[in-house]
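Take a look at the structure set out below.
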Amino acid sequence: MPLSSPFRTGRTRFAVAAAAFFLSLTALAGCSDSDGGGGGSSSSAPATSRPPAGGGTKVSIKDFKFRPADPTVAPGARITVTNDDTTTHTMTATKGKAFDTGDIAPGKSATFTAPSKAGAYPYDCTIHPFMTGTLTVK
Ligand SMILES: [Cu+2]
-1 MPLSSPFRTG RTRFAVAAAA FFLSLTALAG CSDSDGGGGG SSSSAPATSR PPAGGGTKVS
59 IKDFKFRPAD PTVAPGARIT VTNDDTTTHT MTATKGKAFD TGDIAPGKSA TFTAPSKAGA
119 YPYDCTIHPF MTGTLTVK
């Protein structure tokens, strides 16, 4: 059973191309939201780069969820919260009133200043307490 070298080269190149294609698919899948609904994100989340200070962090609210629910910002950063939902929401620190957007009507946005002290600040929507997240300042 002769196996010519051109044939082997062709197979190798195909395998490399297939692997590259599979990797690109995996990368794409990694970008999409995983709405498992089970709550509790994986503990192995990769470290994400924090947006530059003063660049303005944006949080949107849609389908009764904050996106992103766990933003990380610099101390004193300006955070704009846009309500893309069909009902009024708030983004309110659950302890110490560290921040509070007040009521944000559908289609409207509100801006608040992140705390100047580093730490994790759990928040929720005062109207829908099941909507929760954590703002991290560091
Ligand atoms: Cu709400």
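Here our numbering is used: position 117 in the sequence shown is 115, and no number is missing along the way. Glycine included, every Cβ here is placed at the ideal spot set by N, Cα and C.
- Distances between the C-beta of ILE125 and the heavy atoms of ligand 1 include at least one below 7 Å.
- Inter-residue distance for GLY100 and LYS136 is about 24 Å (C-alpha atoms, whole angstroms).
- Inter-segment contact for the region 93 to 107 and the region 66 to 76 is absent: fewer than three beta-carbon pairs are separated by less than 8 Å.
- With a threshold of 16 other beta carbon atoms within 10 Å, PRO69 meets it and is buried.
- Going by beta carbons, ASP98 and THR90 fall inside the 8 Å limit.
- As DSSP reads the structure, HIS87 sits in a beta bridge with ILE102.
- Beyond the five residues adjoining it in sequence on each side, THR86 comes within less than 8 Å, by CB distance, of ASP101, ILE102, ALA103, PRO104 and ILE125 in the same chain, given in chain order.
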